[in-house]
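**Q** Pasting in a structure now, in structure tokens, and then I'll have a few things to ask.
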Amino acid sequence: MAQRGAGVALDSSELAGRVGGAVAGSEARPFATPGSAAIEVAPASIEAVLRYLRDDLGFDLYVDVTAVDYEALRGTIEVLYVVRSLSDAAQAVVKVAIDARDPHLPTVTGLFDGANWAEREVFDMFGVRFDGHPDLRRILMYPEFEGHPLRKSYAYQHRQPLTPERDPIADPWPRRHPIPQPSQK
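28 is the number of the first residue of the sequence shown in our numbering; add one for each residue after it.
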């Protein structure tokens, strides 16, 4: 149960009602998770739902995004966003279930700067593509790595392609963005 403002308790059902009434097409419904108000929403509405939580309900801190692979059971990957309120320490979990065969979601990096690296991690480990992400590339595995190691369908005995050893001094990784140099006076 999340505390919202002047002592008003906001549980999962009430949160689902507020989001469902405010965000058209969200199809918000509650689900049980300990210690947090938790809702499941339609994948296409995730950006609008998180904007509503941030702007109207005060969930101003983006904590994390993670995923769970249910491909074998339901054919889905569930992506879970965790946001908190800095003013009253309330927490909300927002879940979306997407097709595991073609996992796509819109990015929320325009809402929360902290989503950048977290979305890259979910992409790297689970293969979820965040459409519109400013720099969606691997963050934990090396660029030539094949597959997504936290997917249950990942062949854990799969041998990865050999890559040449890279001397970081003689042959550094290419820079995506230039590093600003201090001015010489």
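Note that beta-carbon positions come from the ideal geometry of N, C-alpha and C, so glycine has one too.
Everything numeric in this text was worked out from a predicted model, so none of it was measured.
Buried or exposed: which applies to Ala33, given that a residue is buried once 16 or more other Cβ atoms fall within 10 Å of its Cβ?
**A** Note that Ala33 scores 37 on pLDDT, short of 50, meaning its location in the model is unreliable and no value can be drawn from it.
**Q** Which value, in whole angstroms, describes the spacing of the CA atoms of Asp151 and Arg165?
**A** Approximately 5 Å, taken between the alpha carbons.
**Q** Between which two residues does the alpha helix (DSSP H) holding Tyr108 run?
**A** No alpha helix (DSSP H) contains Tyr108, which is instead part of the beta strand (DSSP E) from Thr103 to Arg111.
**Q** Should Tyr169 go down as buried or exposed, given a rule of 16 or more other Cβ atoms within 10 Å for buried?
**A** Answer is exposed; the Cβ neighbour count stays below 16.
**Q** With respect to 8 Å, is the separation between the Cβ of Ile73 and the closest non-hydrogen atom of the ligand HEM below this value?
**A** The ligand HEM is absent from the structure shown, which contains no ligand whatsoever.
**Q** Does the pairing of the stretch 143-159 with the stretch 174-190 give three or more beta-carbon distances under 8 Å?
**A** The stretch 143-159, when compared against the stretch 174-190, does touch it at the 8 Å Cβ threshold.
**Q** Does the beta-carbon distance from Ile104 to Pro130 come in below 9 Å?
**A** Taking 9 Å as the Cβ cut-off, Ile104 and Pro130 qualify as a contacting pair.
**Q** When the Cα atoms are used, what is the spatial distance from Phe172 to Ile66?
**A** Answer to the nearest angstrom: the Cα atoms are 34 Å apart.
**Q** Does the count of Cβ pairs from the stretch 135-142 and the stretch 55-63 closer than 8 Å reach three?
**A** The stretch 135-142, when compared against the stretch 55-63, does not touch it at the 8 Å Cβ threshold.
**Q** Quick check on DSSP: helix, strand or coil for Ala33?
**A** At Ala33, the pLDDT of 37 sits below 50, so the modelled position is not reliable; the number obtained from the coordinates is stated separately. Coil, per DSSP.
**Q** Going by other Cβ atoms of all chains shown within 10 Å of its Cβ, with 16 needed for buried, is Pro195 buried or exposed?
**A** So Pro195 ends up on the exposed side.
**Q** Between the C-alpha atoms of His160 and Val109, what's the straight-line distance to the nearest angstrom?
**A** Distance between the alpha carbons of His160 and Val109: 19 Å.
**Q** Can you tell me whether Tyr89 is buried or exposed? The criterion is at least 16 other CB atoms within 10 Å of its CB, across all chains shown.
**A** By the 10 Å Cβ count, Tyr89 comes out buried.
**Q** Which full runs of the alpha helix (DSSP H) of 4+ residues lie inside the stretch 51-77, going along the chain?
**A** Within the stretch 51-77, no complete alpha helix (DSSP H) run reaches 4 residues.
**Q** Residues in the same chain with beta-carbon distance under 6 Å from Ala43, minus the five sequence neighbours each way, listed in chain order, please.
**A** Once the five neighbours on either side are set aside, the close Cβ partners of Ala43 are Ala55, Arg56, Pro57 and Ile66.
**Q** Measuring only the C-alpha atoms, how far is Arg186 from Asp162?
**A** The alpha-carbon atoms of Arg186 and Asp162 are separated by roughly 27 Å.
**Q** Out of curiosity, what's the CA-to-CA distance linking Thr93 and Lys122?
**A** Between Thr93 and Lys122, the C-alpha separation is close to 10 Å.
**Q** Quick one: is Leu100 buried, meaning 16 or more other Cβ sit within 10 Å of its Cβ, or exposed?
**A** Exposed.
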